[in-house]
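Asker: Below you'll find the structure I mean.
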Amino acid sequence: MEFDAGLTFTSHTRRVAKNSAWRLSCVRRISHLLDAKGVEVLYKAQVRPLMEYSPLAWSSCSPSYLATLDRVQRRAQRLVNDKRPHHAPDYFQPLQERRDVAGLCVMHKALNLHTPHLAAIKIPRPPPAPSLRPCRPTQTGARDCALLQDKAPPTFLLTPLRLSVEPVSSPNRPPPPRLATRL
């Protein structure tokens, strides 16, 4: 990928489109020797990889730049369809769809497969948000909200019975009554 002075992809996109069109013209010049499948295989092997290289960089490119690459693919599509019988036109997968899938594959590898060469693009996961204790008024009238340091479960997961039970280790509270049970 190359940028111009304005940090745009203009020169790079033009160069890739020009190289892709040149390779497609080479395929077109020998297409009289091939059937439709042969032309399609040559396009997919020689031309399309140029337009798909580095999918994460192409994802930030403007649609007008990507349209120049789509025009090259449409010319290849016409070349293949001209070789086929009229009742069986072929369909190429859009380049944008292929770039999206390739970008998702790269992100999956970076996040889940622990590949060291992709570690630079991995965004670290944020730490879990601490939960707050209920606010209590202090003697000065201000409300004191302290953070819990232990990993308490969220309050929406607690049942009403657990909310009414207080911990045994509270210094200001008497121990809970013991229940008599018979075995």
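Under the numbering used here, think of the first position of the sequence shown as 6, with each following residue one higher. Even glycine gets a Cβ: it sits at the ideal position worked out from N, Cα and C. This one's a predicted model, so the numbers in the text were calculated from it and none came from an experiment.
#1: Taking one C-beta from the stretch 75 to 93 and one from the stretch 41 to 48 each time, how about it: are there three or more such pairs within less than 8 Å?
#2: Could you tell me whether the Cβ atoms of Met56 and Val32 are closer together than 8 Å?
#3: Run through DSSP, which three-state label would Ser25 get?
#4: Pick helix, strand or coil for Asp155, following the three-state DSSP scheme.
#5: Nearest to Ser1 by CA position, among Ala125, Gly11 and Leu109, is which residue?
#6: Distance check for Pro60 and Asp105, CA to CA, integer angstroms please.
#7: Considering only their Cβ atoms, is the gap separating Val52 from Ala72 smaller than 8 Å?
#8: Whole angstroms is fine: what's the gap from Asn24's alpha carbon to Arg130's?
#9: From this set, Ala115, Pro132, Pro133 and Ala134, which residue's C-alpha is nearest Ala125's C-alpha?
#10: What's the C-alpha gap between Pro121 and Ala62?
#11: Please work out which residues of its chain come closer than 8 Å, Cβ to Cβ, to Asp40, disregarding the five sequence neighbours upstream and downstream, and give them in chain order.
#12: Starting from Leu71, trace the alpha helix (DSSP H) in both directions and tell me its first and last residue.
#13: How many Å lie between Phe14 and Ser30 at the Cα?
#14: Can you tell me where the alpha helix (DSSP H) holding Gln101 begins and where it ends?
#15: Alpha carbon to alpha carbon, what distance is there between Trp27 and Arg20?
Answerer: On the basis of the data shown:
#1: At 8 Å Cβ cutoff, the stretches touch.
#2: Here residue 56 corresponds to residue number 51 of the sequence shown, with the count starting at 1. Here residue 32 corresponds to residue number 27 of the sequence shown, with the count starting at 1. Cβ atoms of Met56 and Val32: not closer than 8 Å.
#3: One-based indexing of the sequence shown puts residue 25 at position 20. Of the three classes helix, strand and coil, the one that applies to Ser25 here is helix, per DSSP.
#4: Position 150 of the sequence shown, counting from 1, holds the residue named residue 155. Bear in mind that a pLDDT of 48 at Asp155, under 50, signals an unreliable position, so the model cannot answer this.
#5: A query on residue 1 cannot be resolved here, the shown segment of the chain reaching from 6 to 188 and no further.
#6: Taking the sequence shown and counting its residues from 1, one reaches residue 105 at position 100. Taking the sequence shown and counting its residues from 1, one reaches residue 60 at position 55. Answer to the nearest angstrom: the Cα atoms are 7 Å apart.
#7: Position 67 of the sequence shown, counted from the start, is the residue given in the question as residue 72. Position 47 of the sequence shown, counted from the start, is the residue given in the question as residue 52. No, the Cβ-Cβ distance between Ala72 and Val52 is not below 8 Å.
#8: Counting from 1 along the sequence shown, the entry for residue 24 is found at position 19. Counting from 1 along the sequence shown, the entry for residue 130 is found at position 125. Spanning the alpha carbons of Asn24 and Arg130 requires a straight line of approximately 40 Å.
#9: Residue numbering aside, residue 125 sits at position 120 when the sequence shown is read from its first letter. Across the set Ala115, Pro132, Pro133 and Ala134, the C-alpha of Ala115 shows the shortest separation from the C-alpha of Ala125.
#10: The residue labelled residue 121 in the question sits at position 116 within the sequence shown. The residue labelled residue 62 in the question sits at position 57 within the sequence shown. Cα to Cα, Pro121 sits roughly 20 Å from Ala62.
#11: For this step, residue 40 is matched to residue 35 along the sequence shown. Closer than 8 Å at the Cβ level, and outside the excluded window around Asp40, lie Lys88.
#12: Counting from 1 along the sequence shown, the entry for residue 71 is found at position 66. Its alpha helix (DSSP H) spans residues Pro68 to Lys88.
#13: On the sequence shown, position 9 is the one that residue 14 refers to. On the sequence shown, position 25 is the one that residue 30 refers to. Straight-line Cα distance between these residues: approximately 24 Å.
#14: Counting from 1 along the sequence shown, the entry for residue 101 is found at position 96. Its alpha helix (DSSP H) spans residues Leu100 to Asn117.
#15: If you number the sequence shown from 1, residue 20 lands on position 15. If you number the sequence shown from 1, residue 27 lands on position 22. The alpha-carbon atoms of Arg20 and Trp27 are separated by roughly 10 Å.
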